[in-house]
Amino acid sequence: MSLKYGVMGLLAEESLHGYEVKNRFEAMLGGTWEVNIGQIYTTLQRLERDGLVRPAGPRGDRGKLLYELSPEGQKALKQWLAQPDSGPQQLHEDIYVKLLLATRIANGDLDGILARQKRAYLQRLRDLNRLEERARRDGRLDLARLVRGALLHTEADLKWIDELSSERFGAEGARTE
Amino acid sequence: MTAVLLKAIRDLRRRRLQAAVVFVTTLLAVGTGTIALTLIAQTSDPYQTAFEAQKGAHLVVDFDGKVDPGTLASTPGAIGASAFEGPYRATDMQFQSGGHKYTVTTIARDNPGGEVGQLRITGGRWPSSGNEIALTRSFADLNHVSIGDRLRVLSVPEEPILTVVGVVVDIDELRADVGGQQHAWVIESGFASLTTKGASFFQVDYRFAGDPTSAQLQADLDTLRASLPPDSITGSISYIFARTVFHISTEILTGVLVAFSVFALAATAAIVANLVTGIVISAYREIGIMKAVGFTPTQVIGVFVLQILVPTAAASVVGIPAAMVLSQPLLASNSQALGLAYQPSYSPVLGLLALAGAMLIVTVAAMIPAFRAGRLKPAIVIANASAPRGQSGRWLRRLASMARLPRPIVLGLGESAARPVRALLTLLAVILGVATVVVALGETRTFNEIYSYEGHVGKVDVAIAKSPALADADATQLINSQPETKRVVAQAFSNITAQGIADPVNTLTFRGDSAALGYLLTSGRWFSAPGEVVVNGGFLEDAHLKVGDTFTGTANGAALKLRIVGVVYDFTAGPGGHIMMLDWATLAAAVPDLSPSSYMVTLKPGSNVDAYVRRLAAAQPDLLDVQVATTGNTSFLSVIAVVLLAIAGLIALIAIAGVFNTVLLNTRERLRDTATLKTLGMSPRQMIAMVATSGGFLALVGGLIAVPAGVVVYRFLFDQLSALGGNTTPPVFYDVFATWELIVIPIVGVFVAVAAAAIPGRWAARTNVVEVLHAE
Amino acid sequence: MDRRAFFRTFRGGGGKNGMSELVRLSEVTKVYQGGITGALNGISVVVEKGEFAAIMGPSGSGKSTLLNLVAGLDRPSSGTVTVGGTDLGKLGEAGLARFRRDHIGFVFQFFYLLPNLTALENILIPAQLKGDAVPGRARELLEQLDIKAVADRYPARLSGGQQQRVAIARALINNPTLLLADEPTGALDTHTGDQVMELLGRLHRDGQTILLVTHDAKLATRHAARVISVMDGKIVDDARLESPERAASEVIRVRGEEVSR
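Residue numbers (the working numbering), protein chains in the order written: chain A, 209 to 385; chain B, 210 to 985; chain C, 258 to 518.
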């Protein structure tokens, strides 16, 4: 869904043709989202079909067509921006599934999973920190903010892992006492 | 109220050290105050009791031996006395006992009872035969003469032996230890053998209805004098004079004690105020919480005041009875001098008064800072764990930094002034403590100085008392024949009547270089020509004369034209007493049989004084009493000195407690800073140095103020004391302190303060950094 | 560039090349009586010279205790703490004080500046305790930490960030072998905290060995390439993290929903 609105948002700034849309989109996301030109054209065609974008003028040399946002498109974009992200929480990461499995499977090595995951999260935090630093150094404040969000997410994940570890540790402690 | 009490008691348990400081300081202060109160309340009692019980004489008059005893029998009626006893025959008698020679006034009296001046026998019995004698108890005690001792009378050629059979109390004479010549009694049939012709006189005791005033007695004496031939009256003692002399040491003590207990209480109040301020400051957050849970401002104040009152009450409960017990020997000394069986008296009213006073002072001292706690806004105080600190120490620190002092010292200096009010209150305690020590030192020293002057210490090496039985020429010849003799001043006692003075004035007549005796003059000069006299301040005052005035004195019936050239500083005459000093040539014409009673001899440098004394004593073992010149009897002075120095010591202790308290409060409040400094690498030694400096500096400043202040107070008190004897203080008594002493006293104070401050310093050095910094 | 050179002068010997052991804890336990949390239970760890290591754990885990033991502020119940070859257990109180003064710089969460001393006076204290007069060096530190303008102010008149900078300058004045920081940003807002962390990172790049105690994983991984996790008095993890230059896409992947029909 957000590729669609991303394209619309870029076209709201100025009229662009397909290739320009791809480059601008990738630059905006600082290399965190790579799209192929086919996806862009498909998206543009669908938007045109729905009357949200329209060609701005005739097809130029080498068949390049400039797109611009239609009044309906502007309205839809405005609506989307105003609408908060609701809907179900999205957990993409395998660790959630791994955890569920490890507790079911005997000798699932939950401790090992947690410890390794913790390392991974720490490393990710380190990488994110460096990325944020770099973004700031490059003057990409918007990107830095994005990274910051990722940092906080990872921190939450790490806290979760720590909590799970101490829960298990506590249970063990209770048993040995 | 229950909540207030509960909180106060729980706080107390937590603040045991502070409670201990309050306890110790109030104990010392309340003790001093109670002793002073006890003395004030009781001074007049034993004497008055004894005076009434023994029907004491309001007036004792000595009449010349030539007066007809029959005539004397009519004198009581002439002055309206309600009762009288006498005339008794009396004589000055010298005797020897245990290697010492003494002079007493021996009175012929068959019966110790009577209408006036009863003698109370406290030991033994009344003499029943001619070779028995009764002495006064104060004389016997002072000179260690006991019942059964045998006295050899030296003042008559026959040298009869008398046995001491009784010890009595005579309410009508001056205390032996203050210097009065004491009475002794023999039965009438034994009297004749103890006196030479013309050496006896009459003594009559008069008692009036009610207690006559000094002026009334004066008028009575004038009436008597007018009704009798000239010079019939040779001496008199009024009960007022006797009473004043009796009380002089207690009075000096009481005066100084009152002053000192005010000092002690003021110092304690300063410490208490400091302490409560400290508690309020350190309990800032707690105060906020107390208010938040519903304590009213009054209740908050109550909690803090109660915390102080509990240890104060405890100190009073211990201190007041202890002080009452401790003051008993002082009270007892008065009763014992009167031969009264001393009944230890404990007045509950007085105890309650002392308790109330202590509580009141402490409450007021605690209230002022506690009010601050009562007024605090809860929100503000909860947010701030403790009161913000000022930067008052800044200038001091800057100054010290410029002096390139080590950092711990600089920090300590800054700390001492960080809370100005606390510093000032501590200074007050220190100043009071050090000043008291200075005053006590000065007073005791001048008492001794006075006696040194009286004894001509340094001017006269040997004092020789001559028996009337030995001719002046023989004695003089003997003394002058000694190779070591450098200078001899002969001294005779006599009486001269002066206009406007009721009693005949005790007169010292000197032969020889009397100026060399070194009598202290408060104004004018020593006499240098016949007709010139030196008198004491009391004489000038009562006779309404001044230096340079001329007046007429009567001696032996002859009128003498006398000019006052100087005022002598004198204590022997006692309060209200009079004394006159003049040259032999002035009196010799009027009194042809004037004979010295003593000789004051100065030896050539390097002479062996003891050998000289032994040789002279051996030459005339009976008729001369040869003694190395000393300061005389100073036992009552040493009592005063001990009490003064002891109390000064107590107040100094209070001051030390004050410094300790302040340093303790400072370090407690600065626990976090202390921990921080430890983290930064301040060594334990540097920490102790820092804390000790903060205490030592206060002591230094206090000492620098206290020493001159103490000298001023000493001078003031001594002026008061001089005034008792009608004197103005000669400058020499102002300078009893050596410069080095005035420097050493504050230095010692600083050392003591540093030592006291080092205790919390050591605690600070042992601070558990981890606990302090992580309790945040 | 001169700024880096400046910090290098504070490092005193050693260097990044040829890592050598600086701190060693062997089987350290610390038992507290009564209420105080933070006991340690058999900890062994080595910190190399030039490292920036973070000690991470929840409150009461013992991470501050570990720091206090390294600083010689506290003594272990058993085990040994060695810093720069010196066994701290062999030092007396005075020896520990000297050790802290000469080798340790300590930065606290609540700054702990002495309230009655100015910023500059605070900074100078450790040097003065040593007997050194180093006003010149203090002035340079003031400049480097950007607090020159407030040198003569009292702590009460400084912002939190300024106070912490003063505290860091105070910790650095004696060229400490080891800089210890206990939740240095805990009392600061995020932005000011970031600046303080940036400062610590700079110091580390210039060779300063730093031990940072924090409960915040974001801060722990900001500059520290090593994160030691402490929990209930034990080291539960000692992670040495890599710091290669990674492409953004290797670190974050933003992904929307599949294109809707």
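All C-beta atoms in this analysis are idealised placements derived from N, C-alpha and C, irrespective of residue type, glycine included. Note that the coordinates shown come from a computational prediction; the quantities given were computed from them, not determined experimentally.
- Query: What residues in the segment 610 to 623 of chain B have a beta carbon less than 9 Å from any beta carbon of chain C?
  - Reply: 610, 613, 615, 616, 617, 619, 620 and 623
- Message: Can you list, in chain order, the residues of its chain with a C-beta nearer than 6 Å to that of residue 269 (chain B)? Leave out the 5 residues immediately preceding and following it.
- Response: For the purposes of this step, residue 269 (chain B) is taken as residue 60 along the second sequence, with counting starting at 1. The residues are 381, 414 and 446.
- Task: Please state whether DSSP places residue 912 (chain B) in a helix, a strand or coil.
- Result: Locating residue 912 (chain B) in the second sequence gives position 703, counting from the first residue. DSSP places residue 912 (chain B) in helix when its eight states are reduced to three.
- Item | At least 3 beta-carbon pairs within less than 8 Å: the segment 477 to 486 of chain C vs the segment 291 to 310 of chain C | yes
- Query: Alpha carbon to alpha carbon, what distance is there between residue 617 (chain B) and residue 365 (chain A)?
  - Reply: By one-based count along the first sequence, residue 365 (chain A) stands at place 157. By one-based count along the second sequence, residue 617 (chain B) stands at place 408. It is roughly 50 Å from the alpha-carbon of residue 365 (chain A) to the alpha-carbon of residue 617 (chain B).
- Does any residue of chain B bring its CB to less than 7 Å from the CB of residue 363 (chain C)? Working through the third sequence from its first residue, we reach residue 363 (chain C) at position 106. At least one chain B Cβ lies under 7 Å of residue 363 (chain C).
- Message: 7 Å is my cut-off, CB to CB: does residue 244 (chain A) come that close to chain C?
- Response: If you number the first sequence from 1, residue 244 (chain A) lands on position 36. No, residue 244 (chain A) does not count as interfacial toward chain C.
- If you count every other CB in all the chains shown that lies within 10 Å of the CB of residue 985 (chain B), and 16 or more means buried, which is it? Within the second sequence, numbered from 1, the residue matching residue 985 (chain B) stands at position 776. Below a pLDDT of 50, predicted positions are generally treated as unreliable, and residue 985 (chain B), at 46, falls in that range; the measurement from the model is reported next regardless. Of the residues assessed, residue 985 (chain B) falls on the exposed side of the cut-off, its CB having fewer than 16 other CB atoms within 10 angstroms.
- Quick one: what's got a C-beta closer than 6 Å to residue 333 (chain A)'s C-beta in the same chain, skipping five residues either side? Counted from its first residue, the first sequence places residue 333 (chain A) at position 125. Answer for residue 333 (chain A): 362, listed in chain order.
- Task: Run down chain B in chain order and give the residues with a C-beta less than 8 Å from the C-beta of residue 432 (chain C).
- Result: Counted from its first residue, the third sequence places residue 432 (chain C) at position 175. Here the premise fails: no neighbours, minimum Cβ distance about 13 Å.
- Can you tell me where the beta strand (DSSP E) with residue 368 (chain B) in it begins and where it stops? If you number the second sequence from 1, residue 368 (chain B) lands on position 159. It is not in any beta strand (DSSP E) - residue 368 (chain B) carries neither H nor E in the DSSP assignment.
- Query: Hey, how far is the Cα of residue 321 (chain C) from the Cα of residue 883 (chain B)?
  - Reply: Indexing the third sequence from 1 puts residue 321 (chain C) at position 64. Indexing the second sequence from 1 puts residue 883 (chain B) at position 674. About 19 Å.
- Query: Does DSSP put residue 218 (chain B) in a helix, in a strand, or in coil?
  - Reply: Against the second sequence, residue 218 (chain B) aligns to sequence position 9. Three-state result, residue 218 (chain B): helix.
- Assign residue 755 (chain B) to one of two classes, buried (16 or more other C-beta atoms within 10 Å of its C-beta) or exposed (fewer than that). The residue labelled residue 755 (chain B) in the question sits at position 546 within the second sequence. With fewer than 16 Cβ atoms within 10 Å of its Cβ, residue 755 (chain B) is classed as exposed.
- Task: Name the two residues that bound the continuous beta strand (DSSP E) containing residue 255 (chain A).
- Result: As a first step, residue 255 (chain A) is located in the first sequence; it is residue number 47 there, counting from the start. It is not in any beta strand (DSSP E) - residue 255 (chain A) instead sits in the alpha helix (DSSP H) that spans 245 to 257.
- Out of curiosity, what's the CA-to-CA distance linking residue 757 (chain B) and residue 469 (chain B)? In the second sequence, counting from the first residue as 1, residue 757 (chain B) sits at position 548. In the second sequence, counting from the first residue as 1, residue 469 (chain B) sits at position 260. For residue 757 (chain B) and residue 469 (chain B), the distance between alpha carbons rounds to 40 Å.
- Item | Alpha-carbon spacing of residue 646 (chain B) relative to residue 962 (chain B), whole angstroms | Here residue 646 (chain B) corresponds to residue number 437 of the second sequence, with the count starting at 1. Here residue 962 (chain B) corresponds to residue number 753 of the second sequence, with the count starting at 1. Their backbone Cα atoms lie some 15 Å apart in a straight line.
- Is the shortest distance between the beta-carbon of residue 383 (chain C) and the beta-carbons of chain B less than 7 Å? The residue given as residue 383 (chain C) occupies position 126 in the third sequence. Yes - at least one Cβ of chain B is within 7 Å of the one on residue 383 (chain C).
- Task: Compare the C-alpha of residue 915 (chain B) against each of B:325, B:638, B:266 and B:970 and name the closest.
- Result: Here residue 915 (chain B) refers to the residue found at position 706 of the second sequence. Checking every option, the nearest Cα to that of residue 915 (chain B) belongs to B:638.
- Message: Which of the three DSSP states is assigned to residue 486 (chain C) in this structure?
- Response: Along the third sequence, one-based indexing puts residue 486 (chain C) at 229. Strand, per DSSP.
- residue 442 (chain B): buried (16+ other C-beta within 10 angstroms of its C-beta) or exposed? Numbered from its first residue, the second sequence carries residue 442 (chain B) at position 233. Residue 442 (chain B) should be labelled buried.
- Message: Can you confirm whether residue 337 (chain A), when its beta carbon is compared against all beta carbons of chain C, has any partner nearer than 7 Å?
- Response: Against the first sequence, residue 337 (chain A) aligns to sequence position 129. Closer than 7 Å: yes.
- In whole angstroms, what separates the C-alpha of residue 462 (chain C) from that of residue 244 (chain A)? In the third sequence, residue 462 (chain C) corresponds to position 205, counting from 1. In the first sequence, residue 244 (chain A) corresponds to position 36, counting from 1. Distance between the alpha carbons of residue 462 (chain C) and residue 244 (chain A) is about 40 Å.
- Query: Per DSSP, residue 805 (chain B) is paired with what?
  - Reply: Working through the second sequence from its first residue, we reach residue 805 (chain B) at position 596. Paired residues: none, contrary to the question.
- Task: Could you tell me which chain E residues have their CB closer than 7 Å to the CB of residue 892 (chain B), listed as they occur along the chain?
- Result: Among the protein chains of the structure shown, namely A, B and C, there is no chain E.
- Task: Please report the Cβ distance between residue 398 (chain B) and residue 676 (chain B), rounded to the nearest whole angstrom; I am assuming they are in contact, meaning their Cβ atoms lie under 8 Å.
- Result: Numbered from 1 along the second sequence, position 189 holds the residue referred to as residue 398 (chain B). Numbered from 1 along the second sequence, position 467 holds the residue referred to as residue 676 (chain B). Actually they are not in contact, since the Cβ atoms of residue 398 (chain B) and residue 676 (chain B) sit about 24 Å apart, beyond 8 Å.
- Message: Closest to residue 830 (chain B) by C-alpha separation, out of B:857, B:339 and B:679, would be which residue?
- Response: Counted from its first residue, the second sequence places residue 830 (chain B) at position 621. Checking every option, the nearest Cα to that of residue 830 (chain B) belongs to B:679.
- alpha helix (DSSP H) containing residue 398 (chain B): first to last residue? Numbered from 1 along the second sequence, position 189 holds the residue referred to as residue 398 (chain B). Segment 397 to 400, the alpha helix (DSSP H) holding residue 398 (chain B).
- Message: Against chain C, does residue 331 (chain A) count as a neighbour if the rule is that its beta carbon must be under 7 Å from one of theirs?
- Response: Start at 1 with the first residue of the first sequence, and residue 331 (chain A) comes out as number 123. Chain C contact via Cβ: present.
- Residues that DSSP places opposite residue 468 (chain C) in a beta bridge: By one-based count along the third sequence, residue 468 (chain C) stands at place 211. Residue pairing by DSSP places residue 468 (chain C) opposite C:310 and C:437 in a beta bridge.
- Message: Can you give me the C-alpha to C-alpha distance between residue 352 (chain C) and residue 451 (chain C), rounded to a whole angstrom?
- Response: Position 95 of the third sequence holds residue 352 (chain C). Position 194 of the third sequence holds residue 451 (chain C). Their backbone Cα atoms lie some 36 Å apart in a straight line.
- Anything in chain B within Cβ reach of residue 396 (chain C), meaning under 7 Å, just list it in chain order. For the purposes of this step, residue 396 (chain C) is taken as residue 139 along the third sequence, with counting starting at 1. Near residue 396 (chain C) there are no residues of chain B at all, since even the closest Cβ is about 16 Å away, more than 7 Å.
- Message: If I measure Cβ to Cβ from residue 266 (chain C) and keep anything under 7 Å in the same chain, skipping five residues before and after, which residues do I get?
- Response: As a position in the third sequence, residue 266 (chain C) is number 9, starting the count at 1. Bear in mind that the predicted position of residue 266 (chain C) carries a pLDDT of just 35, short of 50, making it unreliable; the figure below should be weighed with that in mind. So the list is empty, once near-sequence residues are dropped.
- Per DSSP, residue 394 (chain B) is paired with what? Against the second sequence, residue 394 (chain B) aligns to sequence position 185. Answer by DSSP bridge pairing, in chain order: B:316 and B:343.
- Query: To which residues of the same chain is residue 877 (chain B) closer than 7 Å at the C-beta, ignoring the five residues directly before and after it?
  - Reply: Taking the first residue of the second sequence as position 1, residue 877 (chain B) is located at position 668. Contacts found: 491.
- Message: When you compare the CB positions of residue 383 (chain C) and residue 358 (chain C), do they come within less than 7 Å of one another, or not?
- Response: As a first step, residue 383 (chain C) is located in the third sequence; it is residue number 126 there, counting from the start. As a first step, residue 358 (chain C) is located in the third sequence; it is residue number 101 there, counting from the start. Result yes, Cβ atoms of residue 383 (chain C) and residue 358 (chain C) sit closer than 7 Å.
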